[in-house]
Amino acid sequence: MTGETTVRTAVRIHGRSAQREAVRALLDGLRARSGHLVVTGEPGLGRTALLQWAADSFRAGPVLRLGPGEDRGAPTTAGELLTTLRKAAGEAPLLVCVDDAHLWDAPARSALSHAAERLHTAGRVALLLSVAGHRAVDPEFARLPVVRLDPLAPSHADALLDEVTDGSTDPAVREHLLAEAEGNPALLLALVRRLTPAELRGLRPLPRPTADAGTLAAVAGSALTCPSADARDLLLTVAAAVRAADGPDVDTRLVLDALRHLDPASAPTANPLPDALAGAGDRLRFHSPLLCRAVHATAAPDRRRAAHRALADVLETDGQPLPALLHRSWSPSGPAPVARLADRLAAVAADGTTPASHGLRGTAYARAAELTADAPVRAERYTAAAEQALLAGRPDRARPLLAAARDCAAPAVVRGRAERVRGLAELRDGPVGDAHQSLLLAASLLAEDAPAEAASAALAAADAAWAAGDLSSCLATLSLGPAPVPRDAAGMLGPAAPDAATGADGLPGAVDLAGAVDGAGPGGVPVPTDPPGPRHAADPRQVVAPRHANAPGHATAPGHATVPGHATPGYAAVPSAVLAGGRTGGATPRTDAGARGGPGGTRVCGAVPDPVRDHRVGMRALLEGRLDRAAPSLGQVVERARTDDRPETLLRAASAALLLGNVDAARRAGARALAATRQSGSEALVPQALEYLAYAELRAGRHPQARAHAEEGLRTALRAGQRNTAAHHQAVLALAASIEDEPAAVARHVTAALATARRHGLAQAATLAEWAAARADLGRGRPQDAADRLGLLVLPGPGRGHFAVWRLAVPCFVEAAALAGRPEDTHEVLTDFAGWAAFGADPQAAAQLARCHALLAPPDRADDLYRRALARHDEAGGDFERARTALLYGKWLRRRRRPREARGRLGTALAGFDRCGAGVWAAQARAELRALGAAPQGGGAGTLTGLTPQQLRIARHVAEGATNREVALTLAVSTRTVDYHLRKVFAVLGVRSRLELARMVEHADRTRGDRRAGDRM
């Protein structure tokens, strides 16, 4: 202990929403039936806290807590246990909590398991067990349903730390504590208790290691108990091997060979394994990462060093120099030449011919930094480690490394690289305004000694400004190259900066982080209008707007632009159809010194092609409406990828291709980029490659594939700690779901996207999510709600949506306002949209404009306008937008008592919606056809035959007047399940009320009865 900080008791459980929902479902089910659930997780994750929360939440009856006696036994038979439960319950529901059930002896566990399967005989009983997750689940409990506690997400761990320290923790200390705790709440609290108030506030240096043996042992508790010396050696060797491994598991042969080196007289075996280990094929791993760390930290120092030496010997024989050197660095014997070992580690980590993952290289750089005495070199090595951690998809590890680099005196170029990594980490998982400033500072610090890296940092800064919706800053960043910073102004400390290309001791001047940036920058993609999806274009002109030399909205000088929509005509110099979350290209691969070109990163005549410059020039030209200057530069970016297989080049090419409207090229480049990122182990780039693929598939009308890419992208983004990237994927999924019959999915994705977007200033993601929610309202026949949402996005004012997105929502707003009886709200934005459509950049805009005018026109003009809109759709293509126009036209015709024409238009609309998977809109078309007396084709729409058996059961109960809760109790499901299926029923049948549903069920039953009577006759 180095301090006596008093930690406030957390008053609520952070995270755990899925686990609490599972427990809540168990408790809610007691109204109709008994149930059981097992909670498992490694030490410190909160199994006991979750059981306590369940006990505190239960109000329907008594709570019984069972535990083992002194002999770790319980009632010896299931019958005895059930008798005990029956007496405790009486007539009321009973909650039984059994914490640490794995500590019971085998007969008691067996009795508990058998009792769980016969709880219904004891009344209404909920049995909630907790078992340790650092070992395999006991066979007695293997058949019971299990809910697992995982480490807390960074945001939840951050909230817990704030709660127990009143938010007083220094930012650098906060990052270090969160990284050390690795999402384990008990370990996080123990680390806080270990520090003094001065250390928490950053006024004194932290103890090293912060998570020492005593702290880890206290959290691990009895899980550290090991019965034999051989088992302890096996656990220690696996724990030591994991430190220099690419993941949580290690090669069994490596471990056994190391054990033979450790004790030549032994005959080590991996069978049977200690409870703490799991084997899969030829790999070994700990069930609990915390226990792995605790085993290593609490081992005797001599034995721990011996294990590392044995592993180093085996790895050197196997020809694996980098992990072998790491183990040598952890096993010094006597006064070892530490400086020479640090230099060797850094040199091998920088050697691209040495096979190693980004994570392993980062570990090597960090260890080299720990062994380095020279402050500038140490700072450079910590920075290189942070770069590798970022590429490995671990920004949580990168931040503490950057904090360590900041504590070292370093030259401007090293501090610039550190600031660049910090900015990129914030761009993926932090406030994008902070990222913008960090990246601008990085560009200025790098300008003199590393101009190519400075240009890359500036491009990433433009990305951040784009994501924030700050057009002026975006244009300024794209137009102004980074200015050199004098050495005295930059505060250069220590010796002169090393060469930007190689750095000190062979360190790379900049790691290939191209495309790894996130935040939806202007290198992103124009949006499609069929259906509108994020960041891609249907036509090269779609990303530009007409240049009006004297237009108030036109940027009159580099870096000084007026935000579109706050001036007239409002569309000047704006890529109005850009849903760019694509990127400027962000950080890019390091270029050799000979290819850096002139001052400030500007390519001089005769220099080799510069992809960063091409992307920057092209994006600046697009934002100014100069397609003639943009197309050649962006075309070069696309062309370069034909002969380059690096992930960064391919990602930049996919972005440029989407900007140019070349969807096929974007799909090819995106697919190649995804394969290349996976092959290279660049986990940070995978979510972006999937994002580009999702945009391209949406543009091509392949909605299932687009959704599949976005769903995988969301998972990889969350796994890589990229909440901003995840928010953009959530917005993409919301847009895709908004045309389907899944309102719950839309709401879920919109809520998730907005939670991060509002916290981190992601204006683009927020606009896309709000648009998706409004479009879902419109599809479900709620124009008033849609108009309210869309009005905030498209009408002039400080709350208007992202400058590159809001115009795309104008056709939806006009439709919603017209259907809601508010046509007067549309005049101003429709005038602006007419100017955009007249420019001809968006193939769908002319048809959408005609449709908007038809919605607002008197009857004598509407007919012609609808026909004109459909003709324009025929020219532009696109099933979804054409079907929307046909649906509106069919509705108009039906209300004008022209049923034959209406039937044809509505049938066409239905076919179009079915073709592109727009289920919620197809339901509207079916409802209109039923109103005409027509039987919609396909799918059994409007009849009960289109329902699943579960949906049919729920529909019948609701038709009989049952509430959702009553249906849930009858069918022994949760109310959420009933809600979900009932929404599906409404969508499939095209009904809008329970009364309509009841009538339809009654009609179907009567029809079936008539048919049976006819058959009997």
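In terms of our numbering, the sequence shown opens at residue 1195 and continues consecutively.
All C-beta atoms in this analysis are idealised placements derived from N, C-alpha and C, irrespective of residue type, glycine included.
Any idea if SER1523 is buried or exposed, counting beta-carbon neighbours within 10 angstroms, 16 or more meaning buried? buried
Is the stretch 1307-1326 close to the stretch 1352-1366, with three or more CB pairs under 8 Å? Flag = no, the stretch 1307-1326 and the stretch 1352-1366 do not touch.
Would you kindly work out how many angstroms separate the C-alpha atoms of HIS1455 and LEU1448, rounded to a whole number? 11 Å
By the 10 Å Cβ neighbour count, where 16 or more other Cβ atoms means buried, how is ASP2073 classified, buried or exposed? buried
Spell out a yes or no on whether the stretch 1915-1931 and the stretch 1885-1905 are touching, meaning 3 or more CB-CB pairs, one atom from each, closer than 8 Å. Counting C-beta pairs closer than 8 Å gives three or more between the stretch 1915-1931 and the stretch 1885-1905, which meets the contact rule.
Kindly identify the DSSP beta-bridge partner or partners of SER1324. Assignment of beta-bridge partners to SER1324 by DSSP yields VAL1233.
Would you check if the stretch 1330-1344 and the stretch 1907-1921 touch, i.e. whether three or more CB-CB distances between them fall below 8 Å? Contact fails: fewer than three Cβ-Cβ distances are below 8 Å.
Going by beta carbon distance, what residues of the same chain come within less than 6 Å of ARG1165, once the five residues before and after it are set aside? The shown model of the chain, from 1195 to 2211, leaves out residue 1165, and the question about it has no answer.
Mark LYS2178 as exposed unless 16 or more other C-beta atoms lie within 10 angstroms of its C-beta, in which case mark it buried. buried
Using the Cα positions of ARG1479 and ALA1544, report the straight-line distance between them to the nearest angstrom. 28 Å
Could you give the DSSP three-state label for CYS1602: helix, strand or coil? Residue state, collapsed to three classes: coil.
Would the beta-carbon of ASP1628 fall within 9 Å of that of PRO1589? no
Between GLY2184 and ALA2117, how many whole angstroms is the CB-CB distance? I'm expecting something under 8 Å. 4 Å
For GLY2084, the three-state DSSP class (helix, strand or coil): In this structure, GLY2084 counts as helix in the three-state DSSP scheme.
Which partner residues does VAL1290 have in the DSSP bridge list? LEU1258, LEU1321
Any idea what DSSP makes of ALA1644, helix, strand or coil? coil
Determine which residues share a DSSP beta bridge with ARG1477 and list them. ASP1445, ALA1474
Is it a yes or a no for the stretch 1465-1473 touching the stretch 1490-1507, going by three-plus beta-carbon pairs under 8 Å? They do not touch, by the three-pair rule.
Local conformation of ARG1210 per DSSP, three classes: coil
Assess contact between the stretch 2019-2029 and the stretch 1988-1999, defined as three or more Cβ pairs (one per stretch) separated by less than 8 Å. Is contact present? yes
Nearest residue (CA-CA) to ALA1859, options GLN1882, ALA1835, GLN1873: ALA1835
Whole angstroms are fine: how far does the CA of PRO1645 sit from the CA of SER1667? 21 Å
Burial state of ASP2199, where buried means 16 or more other Cβ atoms lie within 10 Å: exposed
Neighbour-count burial assignment, ASP1839, 16 or more Cβ in a 10 Å radius: Exposed is the call here.
So LEU1554 packs on ALA1606, CB below 8 Å; how close in whole Å? With 8 Å as the limit, LEU1554 and ALA1606 do not qualify as a contact, their Cβ atoms being about 29 Å apart.
In terms of alpha-carbon separation, which member of LEU1231, ALA1302, ALA1869, ALA1651 lies closest to LEU1633? ALA1651
Given this structure, state the Cα-to-Cα distance separating PRO1728 from ASP1664, to the nearest angstrom. A caution first: PRO1728 carries a pLDDT of 34, below 50, which makes its placement in the model too unreliable to give a value.
Quick one: grab the DSSP three-state call for VAL1341. VAL1341 sits in a strand when the DSSP states are folded into three classes.
Within 8 Å, do at least three Cβ pairs link the stretch 1367-1374 to the stretch 1437-1453? no
DSSP three-state call for CYS1144: helix, strand or coil? Lying outside 1195 to 2211, the shown extent of the chain, residue 1144 is not represented and no answer is given.
When the Cα atoms are used, what is the spatial distance from CYS2110 to HIS2151? The straight-line gap from Cα to Cα measures roughly 33 Å.
Please tell me whether LEU2123 and GLY2101 are closer than 9 Å, where the distance is taken between their beta carbons. yes
Spatial distance of LEU2191 from GLY1361 (CA atoms): 53 Å
Are three or more beta carbon pairs between the stretch 1404-1411 and the stretch 1480-1492 nearer than 8 Å? The stretch 1404-1411 is in contact with the stretch 1480-1492.
Short check: CB of HIS1502 to CB of ALA1434, under 9 Å? Taking 9 Å as the Cβ cut-off, HIS1502 and ALA1434 qualify as a contacting pair.
Assign GLN1830 to buried or exposed, taking buried as 16 or more other Cβ atoms, counted over all protein chains shown, within 10 Å of its Cβ. buried
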